[in-house]
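These notes concern the structure reproduced below.
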Amino acid sequence: MSLSSTLNGSYLTPRLRINKVLPYFTSHTETHVSPKIDSSRTHVNYEVKEDVAVIRMNDPTSKVNTLSVQMQNEMIEVFNEVLANDAVQSAVLISSKPGCFIAGADINMIQACNTSEEVTKLSQEGQKMFARIENSPKPIVAAINGPCLGGGLEFAIACQYRVATKSKKTVLGTPEVMLGLLPGAGGTQRLPKMVGIPGAFDMMLTGRNIRADKAKKMGLVHQLVDPLGPGLKSPEERTIEYLEEVAIQCAKGIVNKKISLTKEKGMMQKVQDYVMGIEFVRQQIYKTVTAKVMKMSKGLYPAPLKIIESVKAGLEQGPDSGYLAEAQNFGKLAMTSESNALIGLYHGQVACKKNRFGVPERPVKNLAILGAGLMGAGIAQVTVDKGIHTVLKDTTVEGLSRGQQQVYKGLNDKTKKKTITSFERDFTLASLTGQLDYSGFEKADMVIEAVFEDLNIKHRVIKEVEAVIPPHCIFATNTSALPIKDIAAASIRPEKVIGMHYFSPVDKMQLLEIITTDKTSKDTTASAVAVGLKQGKVIIVVGDGPGFYTTRCLAPMLAEAVRLLQEGVDPKKLDALTTGFGFPVGAATLADEVGIDVAAHVAEDLGKAFGSRFGGGNVEVLKTMVEKGFKGRKSGKGCYVYTPGLKSKDVNPDIEDVLGKYKLTPNPLVSSDSDVQYRLVSRFVNEAVMCLQEGILNGPVEGDIGAVFGLGFPPCLGGPFRFVDTFGANKLVEKMKRYEEVYGNHFTPCQLLLDHAKDSSKRFHK
Amino acid sequence: MKWGQPLSLTLLVFSTTLAKPGVKNIVLVEGVRTPFLLSGTTYADLMPHDLARAALQGLLHKTSLPKDAVDYIIYGTVIQEVKTSNVAREASLGAGFSDKIPSHTVTMACISSNVAMTTGVGLITAGQCDTIVAGGVEFMSDVPIRHSRKMRKTMLALNRAKTLGQRLSLIGSIRMAHLTPELPAVAEFSTAETMGHSADRLAAAFGVTRLEQDEFALRSHTLAKQAQDAGLLSDVISFKVPGRDTVAKDNGIRPSSMEQLAKLKPAFIKPHGTVTAANSSFLTDGASAVLIMSEEKALAMGYKPKAYLRDFVFVSQDPKDQLLLGPAYGTPKVLARAGLTMDDIDVFEFHEAFAGQIMANLKALDSDWFAQTYMGRKVKVGAPAMEKFNLWGGSLSLGHPFGATGCRLVTTVAHRLLKEGGQYGLVAACAAGGQGHAMVIEAYPQ
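As they're listed, the protein sequences go chains P and L.
All residue numbers for the first sequence refer to the numbering used here, where the first residue is 1 and numbers rise by one.
All residue numbers for the second sequence refer to the numbering used here, where the first residue is 1 and numbers rise by one.
Structure representation (structure tokens):
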């Protein structure tokens with residue numbers, strides 16, 4: 001069976017995204033529903049309407065349906081009864097859960113397996129069950145409302161006909177790849193036949209969600225049903241009923257031959273089929289797709305390659321080989337560390353989408369943002385469409401208009417992509433007020449400041465704001481390095497002060513790092529988390545300290561990167577080595593993106609706070625670059641030269657002078673490509689572990705999520721903590737000791753890491 | 001005021017009216033309309049103000065109103081002819097009214113002429129006017145089809161171009177894509193959904209079947225035919241169309257059979273929708289006009305009013321999922337304002353946009369759940385009795401010139417009260433934008 005998941009986004013970037021529906025994994029033991037026909041069944045039942053069996057699924061133990069063992073067993077039972085029932089001519093498969101068809105298979109089923117053979121067997125059972133569905137003499141119509149993902153989609157495409165609601169919640173997809181797996185219940189075999197080879201690869205390799213209207217165009221569903229509004233029942237209830245009515249009509253239509261299952265092929269389709277029938281063309285496709293996957297994944301992710309392999313086996317050697325390849329590859333993938341890491345991230349993400357601080361006393365309805373720069377406007381962008389009235393304040397008309405334009409552009413781009421209508425765009429923008437003064441701040445429930453990173457300015461702002469806001473209003477500060485308690489020092493009510501560290505670009509980066517001081521009240525934290533969750537963020541809540549968690553991990557790695565540049569490693573080579581390790585963005589490019597000035601600022605601040613341990617590269621390198629105007633991408637020059645409109649970038653030729661001035665001689669003992677990679681990564685990981693040791697982090701899960709979603713730590717490694725578990729703390733410590741001999745305390749492993757190295761049974765993740 | 005359930009009480013209060021102390025009584029003196037024709041038929045070569053002129057002249061003729069006795073003229077329309085954007089003014093001048101009478105045009109989709117009438121009521125109530133002509137016109141045989149935005153931009157730039165070189169370069173920039181015309185949208189601007197599509201979803205939401213819709217459509221056409229044959233549609237004036245014949249009858253009334261209706265394919269939601277061309281109102285050309293006065297003035301001028309125009313409401317709701325539920329929201333509200341119940345109403349005239357929409361509204365009115373969940377009421381007001389409902393046909397059969405239907409509804413209520421007896425009538429209509437209107441009309445003591 002393939003896997004559950006509501007993961008969405010590309011596995012190649014750290015931007016995994018989760019749907020609002022969160023599968024709730026559980027052992028299915030409870031039974032508290034009274035089914036109509038057979039009271040021993042709790043998940044699947046059916047009723048016969050005229051000559052159509054309406055098979056209804058509902059997992060009473062969860063908010064979503066998953067293809068758990070119990071769901072499958074009951075489904076087989078019901079299917080057998082339907083087949084045996086002479087009064088039944090056809091069947092409709094529908095979920096009685098509003099807003100969810102089947103979100104996927106049950107991940108726990110796979111995690112409970114110890115060998116790849118066991119997983120292969122699971123896959124084969126799934127294949128067998130869906131083969132029976134596909135070959136059913138009585139046509140089965142899948143009536144889809146809500147997510148139809150992973151195993152759910154494989155189930156649906158095994159049915160003879162599919163009807164889906166045109167609701168925003170209805171999405172179809174095969175997200176297995178994002179968990180390091182493949183669609184293991186026939187998906188790799190049926191999809192290419194249904195949507196064509198290119199379409200199938202696109203679906204399976206990106207794992208993206210497909211909306212119902214697109215699915216219809218692709219040939220994934222046959223008919224669409226519009227969601228209904230208020231009537232004599234709630235819209236959700238009536239919509240499902242309506243879907244069922246239409247599906248029943250379809251089922252009858254198929255039986256009495258009014259609906260033909262063999263679609264009349266259009267000219268384009270015929271041409272495409274002809275072209276795909278040529279072996280040479282197919283081989284070219286496999287080659288191109290493989291090359292693309294290798295380029296994007298650097299070969300660090302096995303799943304996409306196995307998907308290509310399974311599809312190829314089916315198309316070139318016939319279904320028997322295809323299904324076998326799928327099941328065997330599925331088994332192999334389930335045992336990989338990559339899959340384990342990605343599944344870990346998935347669970348972590350689910351955990352970081354919950355508010356462990358409870359429900360805040362009053363919800364934030366009016367939010368004011370100070371500073372309409374990239375950050376401020378970005379925060380406005382993710383807030384304004386969540387039903388929160390948003391004030392964007394700046395000090396100049398120019399700054400404000402730039403910020404307002406950014407928010408407009410964000411929404412307008414969605415209009416162009418047709419995810420929202422122009423009306424929805426305008427309606428959303430009506431919740432945004434741009435202003436230059438503090439008028440209306442007496443109604444604010446929360447103020448987020450995103451002004452310049454300077455303690456004096458932040459102090460001035462906090463005083464100005466506290467003079468105008470109501471007593472309950474929370475003051476959140478968006479800073480990437482300044483300790484919150486230092487900022488709060490100017491506040492007359494420090495319990496209402498909290499740090500909210502967003503990542504740029506705010507509308508794309510999923511992480512929000514919330515920083516609490518000893519004085520921050522629990523309700524303030526609950527409120528900040530609630531706002532972050534509304535904004536769609538994955539949230540980690542960390543303790544206060546210089547650089548908090550994320551910036552603190554990044555700083556030593558960037559210091560090491562600067563040292564490597566000084567040692568003569570070319571920026572392009574440095575980038576290649578970091579991306580080759582799995583980082584989505586190379587170290588030199590990352591410095592340019594963050595801004596060389598910001599990096600210099602942070603390096604200096606954290607250097608002061610943590611002493612020589614944060615040394616490595618010379619801060620003067622960064623400062624000299626800033627002096628010369630090489631501030632990174634925003635100034636057009638940094639490590640690279642950026643030409644507007646051009647995607648490719650060249651190394652900044654003037655940087656050599658700067659680096660030449662601070663040239664260091666590399667030590668050949670620790671300068672191999674692999675050493676360069678581990679020098680960068682070990683400093684990152686060591687600092688992360690130290691954050692856990694010092695209590696900055698609440699646990700390794702948040703540490704992994706923060707590193708992957710905020711800093712781009714390789715998703716295939718699952719985050720610094722899972723990396724230590726998988727790689728072995730002892731091996732890492734061994735490497736670090738070798739570097740320590742050359743560079744000193746920059747590489748001294750922290751106590752917690754040493755503890756783990758000493759005792760191999762100690763693990764961050766169970 | 002009227003509450004009465006017990007028969008004796010009902011009889012007792014029958015003599016009372018909705019007159020309010022200190023508020024002027026406003027009366028409908030007369031109402032007329034041109035025959036409503038399928039668009040593209042006999043009116044095809046006219047312009048909208050021509051139809052409005054015909055209605056105005058008909059009103060003048062029928063009432064013998066002096067041409068300078070009117071204080072103000074208001075017209076409703078939906079799709080505006082750009083040349084006559086204030087169609088009220090062009091029509092009143094063309095109909096021979098004094099050029100000293102100001103006139104303006106209002107728009108509120110299918111309840112535009114309702115707005116025209118209630119604007120008049122407001123002017124009289126406020127003491128600004130005593131005599132108002134209100135009406136509505138819609139002309140679907142010709143609608144403004146525009147050049148594309150790109151082409152318009154080029155043409156406007158061409159206007160401003162100073163040199164031949166500039167002109168040539170602008171002309172040279174015209175591409176095939178520039179020539180694609182822009183048709184006026186039948187879709188809701190805010191949701192981009194066409195009204196028929198929304199009506200089909202509405203019917204589905206209320207579980208209205210295809211059969212129910214076809215039956216209602218058949219009823220509408222059958223009743224309209226009977227009314228036409230019996231000469232009950234006395235508001236229709238005959239109109240000599242220049243270059244064509246004289247038109248004296250609506251031409252969209254076509255009673256058919258259930259079998260024939262069942263043959264039609266769904267027009268909007270395919271293949272499983274229930275709204276078809278036959279159970280929807282059709283594109284219509286037509287105009288209407290009414291003479292509204294303060295009771296005092298009417299009597300002083302020697303008129304015998306037909307009815308009182310009483311309480312009215314405008315309502316609005318979600319334009320996506322409740323686009324056509326105006327009557328369901330407006331009816332309870334206007335009844336509450338007037339202190340009446342459903343049983344007190346003797347004559348109902350609801351605008352029939354789609355059979356499915358009417359059935360959905362009737363079901364909504366008859367649902368406690370709907371009343372509680374969406375209208376904040378404790379109980380439903382109930383559905384109107386069908387034996388009092390749209391007895392002379394409706395928009396489905398008579399036709400529905402968007403801007404003109406409101407006056408037809410009000411005039412029909414007045415005429416039915418006169419014909420059938422009874423004291424109160426109720427008009428209700430839905431309109432694009434998720435809006436609606438309802439008005440209580442009281443018989444004038446004869």
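For each residue, glycine too, the CB sits at the ideal point set by N, CA and C.
Q) Contact between the region 101-109 of chain P and the region 148-156 of chain P: three or more CB pairs below 8 Å? A) By the Cβ criterion, the region 101-109 of chain P is in contact with the region 148-156 of chain P, since at least three pairs of Cβ atoms, one from each stretch, lie closer than 8 Å.
Q: For the alpha helix (DSSP H) holding P/L205, just list the boundary residues, first then last.
A: Translated into the one-based positions of the first sequence, residue 205 of chain P becomes position 205. Run containing P/L205: I197 to T206, per the alpha helix (DSSP H) assignment.
Q: Check whether the Cβ of L/V363 lies closer than 8 Å to any Cβ atom in chain P.
A: Within the second sequence, the letter at position 363 stands for residue 363 of chain L. First, the residue type needs correcting, since residue 363 of chain L is Lys and not Val in the sequence shown. For L/K363, the answer is yes, since a Cβ of chain P falls inside 8 Å of its Cβ.
Q.
Rounded to whole angstroms, what is the Cα-Cα separation between P/P198 and P/K217?
A. The sequence position of residue 198 of chain P within the first sequence is 198, counting from 1. The sequence position of residue 217 of chain P within the first sequence is 217, counting from 1. Cα to Cα, P/P198 sits roughly 14 Å from P/K217.
**Q.** Limits of the unbroken beta strand (DSSP E) element including L/C430
**A.** Numbered from its first residue, the second sequence carries residue 430 of chain L at position 430. Per DSSP, L/C430 belongs to the beta strand (DSSP E) from Y424 to A431.
Q) For P/N366, does the count of other Cβ atoms within 10 angstroms reach 16, so buried, or fall short, so exposed? A) The count along the first sequence starts at 1 and reaches residue 366 of chain P at position 366. Result: buried.
Q) Anyone know if the C-beta pair for L/G403 and L/S141 falls short of 8 Å? A) On the second sequence, residue 403 of chain L is found 403 positions in, with the first residue counted as 1. On the second sequence, residue 141 of chain L is found 141 positions in, with the first residue counted as 1. Not closer than 8 Å, so no.
Q: Could you work out which residues of chain L lie near P/F503, taking near to mean beta carbons separated by less than 9 Å?
A: Stepping through the first sequence from its first residue, residue 503 of chain P is reached at position 503. Per Cβ cutoff of 9 Å: no residues; P/F503 is ~35 Å from chain L at best.
**Q.** C-beta atoms of L/F36 and L/L398 nearer than 8 Å
**A.** On the second sequence, residue 36 of chain L is found 36 positions in, with the first residue counted as 1. On the second sequence, residue 398 of chain L is found 398 positions in, with the first residue counted as 1. The answer is yes: Cβ separation under 8 Å.
Q. So with Cβ pairs under 8 Å, would you call P/L232 a contact of chain L?
A. In the first sequence, residue 232 of chain P corresponds to position 232, counting from 1. Interface criterion met: the Cβ of P/L232 is under 8 Å from a Cβ in chain L.
(Q) Give me the chain P residues within the contact set of L/D71, using Cβ-Cβ distance strictly less than 8 Å, ordered along the chain. (A) On the second sequence, position 71 is the one that residue 71 of chain L refers to. Under the 8 Å cutoff, chain P gives no residues; its nearest Cβ is about 39 Å from L/D71.
(Q) Helix, strand or coil for P/T516? Go by DSSP, reduced to three states. (A) By 1-based counting over the first sequence, the position of residue 516 of chain P is 516. The answer is strand: DSSP assigns P/T516 an E or B state.
Q) Out of curiosity, what's the CA-to-CA distance linking P/T31 and P/H43? A) The count along the first sequence starts at 1 and reaches residue 31 of chain P at position 31. The count along the first sequence starts at 1 and reaches residue 43 of chain P at position 43. Caution applies to P/T31, whose pLDDT of 36 falls short of 50 and renders its modelled position unreliable; the value that the coordinates give is listed next. Answer to the nearest angstrom: the Cα atoms are 9 Å apart.
Q: Could you tell me whether the Cβ of L/R210 comes closer than 8 Å to any Cβ of chain P?
A: In the second sequence, residue 210 of chain L corresponds to position 210, counting from 1. Not an interface residue.
Q. Name the chain B residues whose beta carbon is nearer than 7 Å to that of L/S190?
A. This model lacks chain B altogether, as its protein chains are P and L.
Q: Pull up the CB-CB distance for L/L232 and L/W392, whole angstroms please, since I reckon it's below 8 Å.
A: Within the second sequence, numbered from 1, the residue matching residue 232 of chain L stands at position 232. Within the second sequence, numbered from 1, the residue matching residue 392 of chain L stands at position 392. L/L232 to L/W392, Cβ: 6 Å. Contact.
Q: Report the neighbours of P/R238 on chain L: residues whose CB is nearer than 7 Å to its CB, in chain order.
A: In the first sequence, counting from the first residue as 1, residue 238 of chain P sits at position 238. Here the neighbours are A205.
Q | P/I487, DSSP secondary structure in three states | A | Here residue 487 of chain P refers to the residue found at position 487 when the first sequence is read from its first residue. P/I487 falls in the helix class under three-state DSSP.
Q. Hey, does L/Q357 have any beta-carbon neighbour from chain P nearer than 8 Å?
A. Within the second sequence, numbered from 1, the residue matching residue 357 of chain L stands at position 357. Not closer than 8 Å to any Cβ of chain P, the Cβ of L/Q357 fails to qualify, so no.
Q) Should P/T262 be labelled buried (16 or more other beta-carbon atoms within 10 Å of its own) or exposed? A) Translated into positions along the first sequence, residue 262 of chain P becomes position 262. Exposed, because fewer than 16 other Cβ atoms sit within 10 Å of the Cβ of P/T262.
Q. Between which two residues does the beta strand (DSSP E) containing P/M178 stretch?
A. Residue mapping note: residue 178 of chain P aligns to position 178 of the first sequence, counting from 1. From DSSP, P/M178 is part of no beta strand (DSSP E); its letter is neither H nor E.
Q | Proximity winner among P/G595, P/Y640, P/K522 and P/H601, relative to P/L574 (alpha-carbon distances) | A | Position 574 of the first sequence, counting from 1, holds the residue named residue 574 of chain P. Checked all of P/G595, P/Y640, P/K522 and P/H601; the closest Cα to P/L574 is P/Y640.
Q) Cβ of P/P139 less than 8 Å from any chain L Cβ? A) As a working note, residue 139 of chain P is residue 139 in the first sequence. So no, P/P139 is outside the interface.
Q) Can you check whether the CB of P/V538 is closer than 8 Å to the CB of P/T516? A) Position 516 of the first sequence, counted from the start, is the residue given in the question as residue 516 of chain P. Position 538 of the first sequence, counted from the start, is the residue given in the question as residue 538 of chain P. Not in contact: P/T516 and P/V538 (Cβ atoms no closer than 8 Å).
Q) Sorted by chain position, which residues of the same chain lie with C-beta nearer than 6 Å to L/P48's C-beta, five sequence neighbours on each side aside? A) For the purposes of this step, residue 48 of chain L is identified with residue 48 of the second sequence, where counting begins at 1. Answer for L/P48: E81, V87, V137 and F139, listed in chain order.
Q: Would you check if the region 550-557 of chain P and the region 383-395 of chain P touch, i.e. whether three or more CB-CB distances between them fall below 8 Å?
A: no
(Q) Does chain P have any CB closer than 8 Å to the CB of L/L12? (A) Working through the second sequence from its first residue, we reach residue 12 of chain L at position 12. Note that L/L12 has pLDDT 41, beneath the 50 cutoff, so the model's placement of it is unreliable and no number is given.
Q.
If the cut-off is 8 Å on Cβ atoms, which residues from the region 642-670 of chain P count as contacting chain L, listed in chain order?
A. none
Q) Quick one: is L/G4 near chain P, going by C-beta distance under 8 Å? A) Along the second sequence, one-based indexing puts residue 4 of chain L at 4. Interpretation of L/G4 is limited by its pLDDT of 40, a score under 50 that renders its predicted location unreliable; the figure taken from the coordinates is listed afterwards. No, because no Cβ of chain P sits closer than 8 Å to the Cβ of L/G4.
(Q) According to DSSP, simplified to helix, strand and coil, what is P/R362? (A) For the purposes of this step, residue 362 of chain P is taken as the residue at position 362 of the first sequence. P/R362 falls in the coil class under three-state DSSP.
(Q) Quick check on P/S761: buried or exposed, where buried means 16 or more other Cβ atoms within 10 Å of its Cβ? (A) Numbered from its first residue, the first sequence carries residue 761 of chain P at position 761. Label assigned to P/S761: exposed.
Q. Any idea if P/S527 is buried or exposed, counting beta-carbon neighbours within 10 angstroms, 16 or more meaning buried?
A. Residue mapping note: residue 527 of chain P aligns to position 527 of the first sequence, counting from 1. Under this definition P/S527 is a buried residue.
Q | Alpha-carbon spacing of P/I498 relative to P/H472, whole angstroms | A | Locating residue 498 of chain P in the first sequence gives position 498, counting from the first residue. Locating residue 472 of chain P in the first sequence gives position 472, counting from the first residue. Distance from the CA atom of P/I498 to the CA atom of P/H472, rounded to whole angstroms, is 13 Å.
Q. Can you tell which of P/L370, P/K169, P/H746 and P/P715 has its C-alpha closest to the C-alpha of P/S337?
A. As a working note, residue 337 of chain P is residue 337 in the first sequence. Minimum Cα distance to P/S337 is reached at P/P715.
Q: Taking only beta-carbon positions, decide if L/D245 is within less than 8 Å of chain P.
A: To locate residue 245 of chain L, count along the second sequence from 1; it is residue 245. Closer than 8 Å: no.
Q.
According to DSSP, simplified to helix, strand and coil, what is P/G378?
A. In the first sequence, counting from the first residue as 1, residue 378 of chain P sits at position 378. Helix, per DSSP.
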